[in-house]
Every structure is written in C-alpha cells, then in structure tokens.
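Take a look at the structure set out below.
2 protein chains.
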Amino acid sequence: MPKLPVIHASRILGEGTRFAVEQLDLEFSNGERRTYERMPGRGRGAVIVVALLDPDTVLLIREYACGLHAYELGLPKGRVEHGEDLLEGANRELKEEAGYGARRLRRIGTLSLAPTYMAHQTAVVLAEDLYPERLPGDEPEEPEVVPWRLDDLSSLIQREDVTEGRSIAALFMARELLRSGAL
Amino acid sequence: MPKLPVIHASRILGEGTRFAVEQLDLEFSNGERRTYERMPGRGRGAVIVVALLDPDTVLLIREYACGLHAYELGLPKGRVEHGEDLLEGANRELKEEAGYGARRLRRIGTLSLAPTYMAHQTAVVLAEDLYPERLPGDEPEEPEVVPWRLDDLSSLIQREDVTEGRSIAALFMARELLRSGAL
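Chains as they are written, first to last, in numbering that gives the first Met the number 0: chain A, 0 to 182; chain B, 0 to 182.
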C-alpha cells in the first residue's frame, strides 16, 4: 500500500455554512505538492437500508430527488440523529420511509460518495424480520413503497429512474454477500 | 408516476465558488411547500470506466482519495473536458489513469451521486478491445493498476479500501448486463 501524503496544513473555507470546504496542503511520498479541497462529512453519519420483506424481496421507495428534479426509485436512507446508533437510525428511517420496522439489523458494509473530494460515508444496513410500523417523517409527502425481487436487479438497473450509485451498490452488495454465504 | 413539484423560485448561494448551492422554493402536488438546497452539477459531466482487459478481467486503479485521506481501489473516472464527448473523455481518462486506450467504448448507464441534494451525474462507459497507451495526467503520482476478476466481486466488496458507491455500482451493472445478454 502506498505511503499516505503528509498534510502540512488545513483550513476551512465558508465555515458554518451548509456546504463548507476544507482545503488541505499535501505532500505526496514522491515529493509532489498539491492543495486539494474536500467537503467534510456532516453530523453523525448516514445509513442506507436493504430491507428484506422475505429472502427474495427488497423494499424500494419512490421519492422526489431535488438534485435531479425527478422521482427516483431507491433504498430508504438518511442521516443518523443525535442519541441514535447506526442501527437505530436505520430502523427509524425504515419506519419513516417504508412503514416497516425490523427485528434484525446488521451492518454489512460502508459506502463513500465521492472519496476524492467528499468525506461522506454511509453505512449499509441489512434489515430482516420486518413488521409493519410507520413513524411520521419530515418528508412533504409519504414515499411510495415498491417491493422488488432481488433476482431481478438486471431490469432495475435499466430503469431511467434508478440512478443512485449507493442504492445500486448496496443492493448488489447485499445480494452478493447473501448468495455467497458470507452473511 | 407522481406529479413533479412546482419550482416557484430558485437562487444560487455562494455563486462562483467551487461548492455553490442552489436554493429551490417547491410546492408538492399535495400543496406542501418546502425550500430545498442542492449542489448544481459542474462542467460537462463525468465518466466512470469499466475497462475489460479480457472478458473476465476489469482494470481497477489505486489512488489517493483526499475526502477519506486514504488510498482507494476503484474504477478510472474523471470529468469530461471541453471539446470532448463522453466516450472521448472516458478513453482519455483510461489512458491517463490506467495506461490503456480502448477501440470499443459504449455508454451502458448513468449514475447519480446523491440525487436528493446533488445534480451530479456520471456516465458509465464500458471499454473493450484495449491496447497499451499512456497519456500524462494531472495526478501527483501515477495510479497503480490492479486487474481484478469480474467473477470475484464478492471479495472486492469486502475490502476496506473499496468503498465508492459509483465504482461498486458500475462494476455490478456491467457484469449483470454482460451476463444477462443485455449488452
């Protein structure tokens, strides 16, 4: 594994604003120097939930995605709140967005967003043994829940309203680990 | 499909800075009103390249990821430059980061980053019929090229230095579409 660059200095630009930037003065092991910018992660981290209604069926939700101004189909996800651990946050998001709670929750991996310039990381949580329970969320409208067969990811990824890298990655990770017996 | 919310007003905060934010005043079809913020996409778009050395082997690169201050293993990717189309940008990135050009390039999908608050989109390009060619890039050090078997994504996703949602999603998309005969 290569030797990590030395961070000679760092400073925050736009401190206190929602999209603050951290500037890093770096020296690589070959002596090259660069100044890079990155977005610090926010808060207590994020979770994305692969919830299995049965061993072959995962719960997707359809909700408005402001970044694309479009309705997107993907996995429930959100930020972990104060006083919650990752699994509690995952279960709350599942109840708010999909109307189910889970009796069994396991972290099966971690996904980054754009690791070259964002510090954001999202825990991938597998949720099983579901039961109906809805919590009120802060969404302007209740997301539509769309059950999807895990053996039909091939048609899912060809849909124009399925684009989020983290959702697609988490679905395949869960399926791969379940099928390979790693879970 | 639900009716898209109406955008009553929009404004850019921090205009001209690298991480500018667009604020949107939205009215949902049920009458709920919200103000959302999103990061506009930058430039001419981005590409991520699934390059096949042979039908069973994909080229990964190991490079420094400032957002995580770690070396990450993932697919070659980058921004499309002025005067390039997506496939030309993909071929240039492949030559700069992996030291290969491709005689056959196809767009097989589009990935978004965080569609609820980012407009960023990345074209997934499948590159085949490779030949050695290196172009100088702007990286401070030449990325290490790591060939990986497409039938061994299971161990890849369990590595701690493999976290990027887009890379993992693009690898499984390519494998799924190739195996299902959709490509």
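C-beta: ideal position from N, C-alpha, C; glycine also.
All figures in this text were calculated on a predicted structure; none of them were measured in a lab.
In whole angstroms, what is the alpha-carbon distance linking A:Glu-132 and A:Gly-100? Taking the first residue of the first sequence as position 1, residue 132 of chain A is located at position 133. Taking the first residue of the first sequence as position 1, residue 100 of chain A is located at position 101. Going by the C-alpha atoms only, they are around 6 Å apart.
Based on DSSP bridge pairs, tell me the residues matched to A:Met-0. Within the first sequence, numbered from 1, the residue matching residue 0 of chain A stands at position 1. Answer is none; A:Met-0 lacks a bridge partner.
Chain B contacts made by the region 68-101 of chain A, where a contact means CB separation under 9 Å: His-68, Ala-69, Tyr-70, Glu-71, Gly-73, Lys-76
Any beta-carbon of chain B closer than 8 Å to the one on A:Glu-14? Walking along the first sequence from the start, residue 14 of chain A turns up at place 15. No, no contact with chain B.
Only counting runs of 4 or more residues, tell me where the alpha helix (DSSP H) segments fall wholly within the region 26-98 of chain A, in order along the chain. 85-97
Could you name each continuous beta strand (DSSP E) segment of 3 residues or more that falls completely within the region 99-173 of chain A, going from the start of the chain to the end? 99-111, 120-131, 143-148
Would you mind stating whether B:Leu-104 and B:Thr-121 have Cβ atoms separated by less than 8 Å? Residue mapping note: residue 104 of chain B aligns to position 105 of the second sequence, counting from 1. Residue mapping note: residue 121 of chain B aligns to position 122 of the second sequence, counting from 1. No, Cβ-Cβ distance for B:Leu-104 and B:Thr-121 is not below 8 Å.
What does a CB cutoff of less than 6 Å around B:Glu-140 pick up in its chain, not counting 5 residues either side in sequence? Taking the first residue of the second sequence as position 1, residue 140 of chain B is located at position 141. Contacts found: none.
Compute the beta-carbon to beta-carbon distance between A:Ala-89 and A:Val-124, rounded to the nearest angstrom, for a pair I have assumed lies under 8 Å. In the first sequence, counting from the first residue as 1, residue 89 of chain A sits at position 90. In the first sequence, counting from the first residue as 1, residue 124 of chain A sits at position 125. Yes, A:Ala-89 and A:Val-124 are in contact; Cβ-Cβ is about 4 Å, under 8 Å.
In chain B, which residues lie less than 7 Å from A:Pro-114 when you measure between Cβ atoms? For the purposes of this step, residue 114 of chain A is identified with residue 115 of the first sequence, where counting begins at 1. Within chain B, the residues near A:Pro-114 are Ala-64, Gly-66, Leu-67, Glu-71, Thr-162, Glu-163.
The beta strand (DSSP E) enclosing B:Leu-12, as first and last residue numbers: Residue 12 of chain B sits at position 13 when you count from the first residue of the second sequence. Segment 5-12, the beta strand (DSSP E) holding B:Leu-12.
Secondary structure of A:Leu-182, DSSP reduced to three states: Residue mapping note: residue 182 of chain A aligns to position 183 of the first sequence, counting from 1. Looking at A:Leu-182 - three-state DSSP - the assignment turns out to be coil, as it is neither helix nor strand.
So A:Ser-153 contacts chain B; which residues on that side make the cut at Cβ distance below 8 Å? Numbered from its first residue, the first sequence carries residue 153 of chain A at position 154. Near A:Ser-153 (Cβ distances below 8 Å), the residues of chain B are Glu-175, Leu-176, Ser-179, Ala-181.
Please list, in chain order, the chain A residues whose beta carbon lies closer than 9 Å to that of B:Thr-109. Mapped onto the second sequence, residue 109 of chain B falls at position 110. Within chain A, the residues near B:Thr-109 are Glu-159, Thr-162.
A:Arg-37: buried (16+ other C-beta within 10 angstroms of its C-beta) or exposed? Walking along the first sequence from the start, residue 37 of chain A turns up at place 38. A:Arg-37 comes out buried.
Interface partners of B:Leu-3 on chain A, CB under 9 Å: Taking the first residue of the second sequence as position 1, residue 3 of chain B is located at position 4. Under the 9 Å cutoff, chain A gives Tyr-63, His-68, Ala-69, Tyr-70.
Could you say which of A:Asp-84, A:Ile-47, A:Ser-166, A:Ile-6 lies nearest to A:Glu-26 if we only look at CA atoms? Reading the first sequence from its first residue, position 27 is the one you call residue 26 of chain A. Out of A:Asp-84, A:Ile-47, A:Ser-166, A:Ile-6, A:Ile-6 has the C-alpha closest to the C-alpha of A:Glu-26.
Since B:Arg-37 meets chain A, which of its residues come closer than 7 Å, beta carbon to beta carbon? Counting from 1 along the second sequence, the entry for residue 37 of chain B is found at position 38. Simply Cys-65, Gly-66.
For chain A, is any of its Cβ atoms less than 8 Å away from the one on B:Leu-23? Against the second sequence, residue 23 of chain B aligns to sequence position 24. At least one chain A Cβ lies under 8 Å of B:Leu-23.
For A:Thr-192 and B:His-81, what's the separation of their Cα atoms in angstroms? Because chain A here runs from 0 to 182, residue 192 of chain A falls outside it and cannot be looked at.
Indicate whether at least one CB of chain B lies closer than 8 Å to the CB of A:Ile-167. Counting from one through the first sequence, the residue named residue 167 of chain A turns up at place 168. Interface residue, yes.
Considering only residues of the same chain and omitting the five flanking positions on each side of A:Glu-62, which have a CB-CB separation below 6 Å? For the purposes of this step, residue 62 of chain A is taken as residue 63 along the first sequence, with counting starting at 1. The residues are Pro-142.
From the DSSP output, read off the bridge partner residues of B:Leu-23. The residue given as residue 23 of chain B occupies position 24 in the second sequence. B:Ser-9, B:Tyr-35.
Could you check whether A:Gly-66 and B:Pro-4 sit closer than 8 Å to each other, using their CB atoms as the reference points? Sequence index remark: in the second sequence, residue 4 of chain B carries index 5 (1-based). Sequence index remark: in the first sequence, residue 66 of chain A carries index 67 (1-based). Cβ distance not < 8 Å, so B:Pro-4 and A:Gly-66 don't count as in contact.
Verify the CB distance criterion: does B:Ala-118 have a CB-CB separation below 8 Å to chain A? Here residue 118 of chain B refers to the residue found at position 119 of the second sequence. So, interface residue.
With a cut-off of 8 Å on the beta carbons, I'd call B:Leu-93 and B:Val-48 a contact; round off their distance for me. Residue 93 of chain B sits at position 94 when you count from the first residue of the second sequence. Residue 48 of chain B sits at position 49 when you count from the first residue of the second sequence. 5 Å between Cβ atoms; contact.
Verify whether the separation of the beta carbon atoms of B:Lys-76 and B:Val-46 is less than 8 Å. In the second sequence, residue 76 of chain B corresponds to position 77, counting from 1. In the second sequence, residue 46 of chain B corresponds to position 47, counting from 1. Going by C-beta atoms, B:Lys-76 is nearer than 8 Å to B:Val-46.
Nearest CA to the CA of B:Leu-134: which residue from B:Glu-175, B:Tyr-116, B:Val-79, B:Arg-91? What you label residue 134 of chain B is simply residue 135 of the second sequence in a count that begins at 1. The shortest Cα separation from B:Leu-134 among B:Glu-175, B:Tyr-116, B:Val-79, B:Arg-91 belongs to B:Arg-91.
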